[in-house]
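To start, the structure itself, in structure tokens.
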């Protein structure tokens, strides 16, 4: 005879404001097999847990139902309580009275009735629960980091420094990401390259880090602690071992007019190229889309000039397979291009540029060697207008969120411009100045007060070109919506930070969720900012939302600690919620008839054939067998099995049927 | 063929030449424009700021009358009327409660079955496909196509052309043999309803439009709205006062320009009615 304890939680007022908890406990207490039933304000609190523990001890409970919140929140808590009291933790079930009942219904009889129903089906289910023990799986103590920007670099270094192996993949020919494109950084105005390149070099030289540039994730299988990743190493058309990085090929390449991605199209590069002087690795790749040999079948000049014979025109993409225990996704973000803004000229004015392009103009390694010169004619602009919130905070453009970094980098841009062009005039159109951060507000005040940047609170309705000037029509909302017209020489749009192209596809490969803007979703907006909903996969940097450098680095270190924590265990404990094929005594052995439909149905390749042999080693019967290390408990095989020979532990046919009957029967 | 026709007040008054040219061009292509009987004011421009139900009931009555008359497609040349009728159709299809109120107020059945064409859509659908071989006097001028505020806004409702940098008039004028210029004031405000009450403001706002067209070498300005036309044409003295010079670029309705291109009589197109002499 079952002795079940029912513990109804008020969750403060979360449940008790619409559900009569006392009545739930009293009603359920009268059911067959319920030996104890009580309600309490906070069942998850210490006193609440003590109630459960002492009830198990005093009443000799054989099963426990906690009627509280979602099992996602507190199932581990209550299972632990049961285990501490000597009851198998899998004899504990949770009825979700909060999310499934009290939060979604009005106060009333029917709501309490529904709560009673929810508890009753679990009471009936728990009568059929079996003691289970968790499964131990080994951990592959190697991490995969996807994306070699500052977040990926930081995460890789932090993990590698704990003594674990890291595989870092980067889709571009060099690591460094957007940070390598920046001129100076806020709020200190120190050079971005100067603080970044030592980290890049450290990555390349770290004994625990294997770096694959020009490489992308092809596919991913497995689960926490035991992932199998296939990585596509795109062909660089180069034998990297032979290449010394002398750079002769890039100087001799005749195809020189390809817009440089690193310079955001403001400068050109060759078809065989190293993206920037401090690139890591400092070895070229051939861009096959533009290379004359690949497009027209002639040239091969790089091959002729290469002193070590390192060029490999016939090199193919290589797929490598690696086993990793954890993954850090640090794929970063993109910025909207000016052609997104019809009101600012659809990208047809050369001197209307993005913030990232301005970084290249201001950078010593940029196309103008750090002089602020406008793209159209190379003149130094005497008047420059910066537009904050170009796209951001604009629901009409589909980007209602704040891109977060723009207020700060615009102040920096205006400041850099004033430092370089003393006679110049700079204007910033803004909605609000969002400078929350250490030394951030002071930085913006410095731009306004010390460097004389003109801040105008208002938006710009239109930019058009006239007589070589860009006419900026805006409004000053602090001057009673006074129209403002500025004849500018150059306009910088702080275009919205958006998810990378292909973010959705990558999320689907990784089985992680993403938000409506295609940024990757954290597991909890406050308490699990670097975790995803998929165990063993973590997030760092701007792939999760627009982030500045300090935040990206902090997130990366956070993700690294999560990985290190995972790797500190030799074995991971997994829920025993997996499929099992029934076994019986001879001569039946199992009701499985060996049709192996389940083998083809299983998405995780977790089912194999097992041969049952007699003492002479002769095969008597072939049946299905589930590999507990691979099974994810999805239940697909259960649905496929024609003889009902497979059950999911904890969710058996018997338990499901009982739950349904508990709802249908009169009590 | 026959299409419904809603002229609105302007086309019966200050912009008679717009109506004349619309009817003349339609006739040249064997299109009979059948006026909606007993039509009323569309409610522009004041009603939607005063009383929402009234502002919907007025256009709804026009659409109901068109339905009653058996018309399935109506041409609405005035951009303000086009805006009011289209917005009403949209609002009533989105909001059944409002539709009930409006139907009761008008005491006329309303199903929303009538499709509404502005002049650009009408030309695009019924004239341009048959234009080949009909252009006898190409409108060989540099033209600035001016769309004003109502023809392409709000885009969510009208779903017509591009809101910020519209192209439809330019495309039509290209077909008529003109060279449309790329300019900056296609959708800027002309001063619209201030034409009578604050002429000096119209001088400034329309002055910027005329000034930019002139600077970029336009020989004519092409419009599709009576309000735009009256501000740019009738208020030319105020505009010239603002600009500090005498600018005599004529302002033509799109139908007048197309009419000239297909060789219609200038008088039939009402060109003599303009304040700024149409010298092109």
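Residue numbers (the working numbering), protein chains in the order written: chain A, 275 to 941; chain B, 48 to 327.
Just so it is clear, CB atoms sit at the ideal spot from N, CA and C, and this is done for glycine as well.
Quantities reported herein were computed from a predicted structural model and do not represent experimental measurements.
message = Cutting at 6 Å between CB atoms, please list the residues of its own chain near residue 621 of chain A, excluding the five before and the five after it.
response = Contacts found: 612 and 613.
message = Please tell me whether residue 761 of chain A has its Cβ less than 8 Å away from any Cβ of chain B.
response = So no, residue 761 of chain A is outside the interface.
key: Under 8 Å between C-beta atoms of residue 867 of chain A and residue 917 of chain A   = Between residue 867 of chain A and residue 917 of chain A, the C-beta spacing is below 8 Å.
ask   = Within 8 Å (strictly less), CB to CB, does residue 617 of chain A reach chain E?
value = Within the model displayed, chain E is absent; protein chains A and B are what it includes.
inquiry  = Assuming contact is defined by CB atoms lying nearer than 8 Å, are residue 640 of chain A and residue 500 of chain A in contact in what I supplied?
reply    = No.
request  = With a threshold of 16 other CB atoms inside 10 Å of the CB of residue 382 of chain A, please say whether the residue is buried or exposed.
outcome  = Classification of residue 382 of chain A: exposed, given that the 10 Å Cβ count is below 16.
inquiry  = Given this structure, state the Cα-to-Cα distance separating residue 793 of chain A from residue 787 of chain A, to the nearest angstrom.
reply    = So the two alpha carbons sit approximately 9 Å from each other.
key: C-beta atoms of residue 369 of chain A and residue 413 of chain A nearer than 8 Å   = No, the Cβ-Cβ distance between residue 369 of chain A and residue 413 of chain A is not below 8 Å.
task = Ignore the nearest five residues each way along the sequence and tell me which others in residue 458 of chain A's own chain have a CB closer than 8 Å to its CB.
result = The residues 464, 465, 466, 636, 686 and 690, in chain order, have a CB closer than 8 Å to that of residue 458 of chain A in the same chain once the five nearest residues on each side in sequence are set aside.
Straight-line gap, residue 805 of chain A to residue 286 of chain A (C-alpha atoms, nearest Å) = Each residue's Cα considered, the two are about 28 Å apart.
ask   = What runs of the beta strand (DSSP E), each 3 residues or longer, lie entirely inside the region 231-292 of chain B?
value = With a minimum length of 3 residues, the continuous beta strand (DSSP E) runs that stay inside the region 231-292 of chain B are 267-270.
message = What residue range does the alpha helix (DSSP H) around residue 931 of chain A cover?
response = Boundaries of the alpha helix (DSSP H) around residue 931 of chain A: 927-938.
request  = Kindly indicate if chain A contains any beta-carbon less than 8 Å away from that of residue 231 of chain B.
outcome  = Closer than 8 Å: yes.
query = Between residue 732 of chain A and the ligand ZN, is the CB less than 7 Å from at least one heavy atom?
reply = Among the components of this structure there are no ligands whatsoever, and the ligand ZN is therefore not found.
Whole-angstrom distance between residue 757 of chain A and residue 704 of chain A, CA atom to CA atom = Each residue's alpha carbon lies about 14 Å from the other.
Reference residue 337 of chain A, options A:878, A:817, A:650 and A:365, closest by Cα = Looking at the Cα atoms, A:365 is the closest of the given residues.
task = Could you name the residues of chain B that residue 740 of chain A contacts, counting a contact when the two beta carbons are closer than 8 Å?
result = Per Cβ cutoff of 8 Å: 231, 259 and 262.
ask   = Would DSSP call residue 543 of chain A helix, strand or coil?
value = Assigned with DSSP and collapsed to three states, residue 543 of chain A falls in strand.
inquiry  = Counting only beta-carbon separations shorter than 8 Å, does residue 245 of chain B have a partner in chain A?
reply    = It does not; no Cβ of chain A falls within 8 Å.
task = Whole angstroms is fine: what's the gap from residue 158 of chain B's alpha carbon to residue 623 of chain A's?
result = When rounded, the distance between both Cα atoms is 47 Å.
ask   = When we look at the beta-carbon of residue 461 of chain A and count the other beta-carbons within 10 Å, is it buried (16 or more) or exposed?
value = It counts as buried.
task = List the residues of chain B that residue 620 of chain A touches, going by C-beta distances under 7 Å, in chain order.
result = Within 7 Å Cβ-Cβ: 212.
query = Taking buried to mean at least 16 other C-beta atoms within 10 Å of its own C-beta, is residue 297 of chain B buried or exposed?
reply = With 16 or more Cβ atoms within 10 Å of its Cβ, residue 297 of chain B is classed as buried.
inquiry  = I need the straight-line Cα distance from residue 649 of chain A to residue 535 of chain A, nearest angstrom please.
reply    = Residue 649 of chain A and residue 535 of chain A have their C-alpha atoms roughly 15 Å apart.
task = With a threshold of 16 other CB atoms inside 10 Å of the CB of residue 582 of chain A, please say whether the residue is buried or exposed.
result = Answer is exposed; the Cβ neighbour count stays below 16.
request  = Could you tell me whether the Cβ of residue 209 of chain B comes closer than 8 Å to any Cβ of chain A?
outcome  = So, interface residue.
request  = Kindly give me the distance between the Cβ atoms of residue 477 of chain A and residue 449 of chain A, rounded to whole angstroms, as I take these residues to be in contact under 8 Å.
outcome  = Contact holds; Cβ gap of about 6 Å.
task = Have a look at the DSSP bridge pairing and note the partners of residue 506 of chain A.
result = DSSP lists A:490 and A:593 as partners of residue 506 of chain A.
task = Kindly give me the distance between the Cβ atoms of residue 423 of chain A and residue 606 of chain A, rounded to whole angstroms, as I take these residues to be in contact under 8 Å.
result = About 5 Å; that satisfies the 8 Å criterion.
ask   = Can we say the region 112-132 of chain B touches the region 82-93 of chain B, given the rule of at least three CB pairs closer than 8 Å?
value = Yes, the region 112-132 of chain B touches the region 82-93 of chain B.
Which residues DSSP lists as bridging residue 895 of chain A, in chain order = A:886, per the DSSP bridge assignment.
request  = For residue 120 of chain B, name the three-state secondary structure that DSSP assigns.
outcome  = Strand.
ask   = Roughly how many whole angstroms lie between the Cα atoms of residue 851 of chain A and residue 436 of chain A?
value = C-alpha of residue 851 of chain A to C-alpha of residue 436 of chain A: approximately 32 Å in a straight line.
Extent of the continuous alpha helix (DSSP H) to which residue 137 of chain B belongs = Its alpha helix (DSSP H) spans residues 126-141.
key: Pairwise C-alpha distance: residue 308 of chain B and residue 315 of chain B   = Residue 315 of chain B and residue 308 of chain B: Cα-Cα distance of roughly 13 Å.
inquiry  = I need the boundaries of the alpha helix (DSSP H) containing residue 829 of chain A, first residue and last residue.
reply    = DSSP places residue 829 of chain A inside the alpha helix (DSSP H), whose first and last residues are 823-841.
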